[in-house]
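Reading through the structure tokens given below for one structure.
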Amino acid sequence: MLTISNLHAAYGKVEVLHGISLEVPKGKVVTLIGSNGAGKTTTMRAISGMIKPKSGTVTLSGKDVTGLESHKIARAGLAHSPEGRRVFSTMSVTDNLLLGAFPRYTGSRPRGDIKEDLEKSLELFPRLKERQHQLAGTLSGGEQQMLAMARAVMLNPEVILLDEPSMGLAPILVEEVFRIILSLKKRGVTMLLVEQFAAAALNVADYGYVMENGHISVHGPADKLKNDPAVQAAYLGGGGQQH
Ligand SMILES: Nc1ncnc2c1ncn2[C@@H]1O[C@H](COP(=O)(O)OP(=O)(O)O)[C@@H](O)[C@H]1O
Ligand SMILES: [Mg+2]
18 MLTISNLHAA YGKVEVLHGI SLEVPKGKVV TLIGSNGAGK TTTMRAISGM IKPKSGTVTL
78 SGKDVTGLES HKIARAGLAH SPEGRRVFST MSVTDNLLLG AFPRYTGSRP RGDIKEDLEK
138 SLELFPRLKE RQHQLAGTLS GGEQQMLAMA RAVMLNPEVI LLDEPSMGLA PILVEEVFRI
198 ILSLKKRGVT MLLVEQFAAA ALNVADYGYV MENGHISVHG PADKLKNDPA VQAAYLGGGG
258 QQH
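Residue numbers (this note's numbering): 18 to 260.
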């Protein structure tokens with residue numbers, strides 16, 4: 018379980034997060050919705066240690082990980098699949114996945130059965146299975162995005178942060194990404210999801226938070242948010258654009 022309390026973060030002198038509090042209970046999928054520039058990516062960066070929060074706390078399975086370096090937060094059990102494609106392009110698909118499991122080899126995460134988990138990941142992402150020996154840099158953008166997601170799964174983490182996993186994907190791959198998120202959810206994987214397709218995100222999520230200009234404006238069970246007229250108008254294509 019992940020708990021964020023009154024998190025403030027800035028780029029230089031410009032504060033972007035003005036006190037974010039949210040909770041991702043074990044085994045649940047929580048989505049963070051908001052327009053471009055609201056601060057969703059920054060929230061994820063401040064959680065995973067890519068940037069240092071100015072104040073507030075990040076607690077992962079009871080452990081205060083606020084402000085730790087990102088590799089230490091990963092060891093504590095947090096996997097971040099960042100916005101955009103962040104894969105090791107000169108390494109094969111399989112090696113990228115095994116690298117995701119690195120803290121399990123060194124004993125800083127429970128080891129489990131890495132080989133079996135690799136097989137399971139490849140089953141879950143059939144496109145990656147077909148291309149497991151290919152260099153990651155030769156994958157399409159969408160496939161690289163999936164590789165980043167699969168690599169996060171390979172940590173066998175307590176919580177996965179998924180930042181716009183469907184960004185830039187063809188519609189058929191967008192569907193596949195949501196199918197994969199649902200499969201992970203059925204396996205009990207805990208996730209914080211940011212998605213441009215807010216309606217689809219609320220369909221897979223248990224709970225949602227709406228973010229506006231670095232604040233949480235509304236939050237509630239996903240079903241309730243889906244039926245909230247203000248949320249519908251602003252984020253669910255109720256006459257407007259989807260974000
Ligand atoms: N590396 C950066 N340096 C300075 N400002 C940034 C940086 N990244 C994001 N921002 C600013 O922080 C705000 C929130 O951005 P971001 O967290 O990326 O929003 P979202 O993911 O919700 O679209 C925006 O105003 C954006 O311009
Ligand atoms: Mg973003």
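Idealized CB from N, CA, C, for every residue including glycine.
As the structure is a computational prediction, the values presented were derived from the model and not from experiment.
Just checking residue i against ligand 1 - is the residue's beta carbon closer than 7 Å to any of the ligand's heavy atoms?
i: ALA55; result: yes
i: THR83; result: no
i: TYR252; result: no
i: GLY94; result: no
i: GLY51; result: yes
i: VAL33; result: yes
i: TYR224; result: no
i: TYR28; result: yes
Are there any heavy atoms of ligand 2 lying less than 7 Å away from the beta-carbon of residue i, as far as the coordinates show?
i: ASP134; result: no
i: GLY58; result: Sequence inspection shows Thr at residue 58; the Gly mentioned does not correspond to that position. Flag set: Cβ of THR58 near ligand 2.
i: ASP180; result: yes
i: GLU229; result: no
i: GLU100; result: yes
Identify the residues that DSSP records as bridge partners of residue i: which are they?
i: ALA26; result: LEU34
i: GLY205; result: Its beta-bridge partners do not exist; DSSP assigns none.
Can you tell me whether residue i is helix, strand or coil according to DSSP?
i: PRO174; result: coil
i: GLN258; result: Confidence in GLN258 is poor, its pLDDT being 45 and thus under 50, which makes the residue's placement unreliable; the coordinate value appears in the next sentence. Coil.
i: LEU179; result: strand
i: LYS71; result: coil
i: LYS241; result: helix
i: MET108; result: coil
Assuming residue i and residue j form a contact by the criterion Cβ under 8 Å, report the distance between their Cβ atoms to the nearest whole angstrom.
i: ILE50; j: ALA165; result: Actually they do not touch by this definition, with Cβ atoms about 21 Å apart.
i: GLN213; j: MET184; result: 7 Å
Hey, is the region 87-98 in contact with the region 31-38, meaning 3+ C-beta pairs nearer than 8 Å?
-> no
Would you call the region 173-184 and the region 205-215 in contact, with 3 or more CB pairs under 8 Å?
-> yes
Please confirm if the region 67-75 is in contact with the region 236-255, defined as three or more CB-CB distances below 8 Å between the two stretches.
-> no
Determine, using beta-carbon pairs with one atom in the region 96-105 and one in the region 128-135, whether at least three such pairs fall under 8 Å.
-> no
Do the region 45-65 and the region 20-27 meet, that is, are 3 or more Cβ pairs less than 8 Å apart?
-> yes
Spell out a yes or no on whether the region 194-205 and the region 229-240 are touching, meaning 3 or more CB-CB pairs, one atom from each, closer than 8 Å.
-> no
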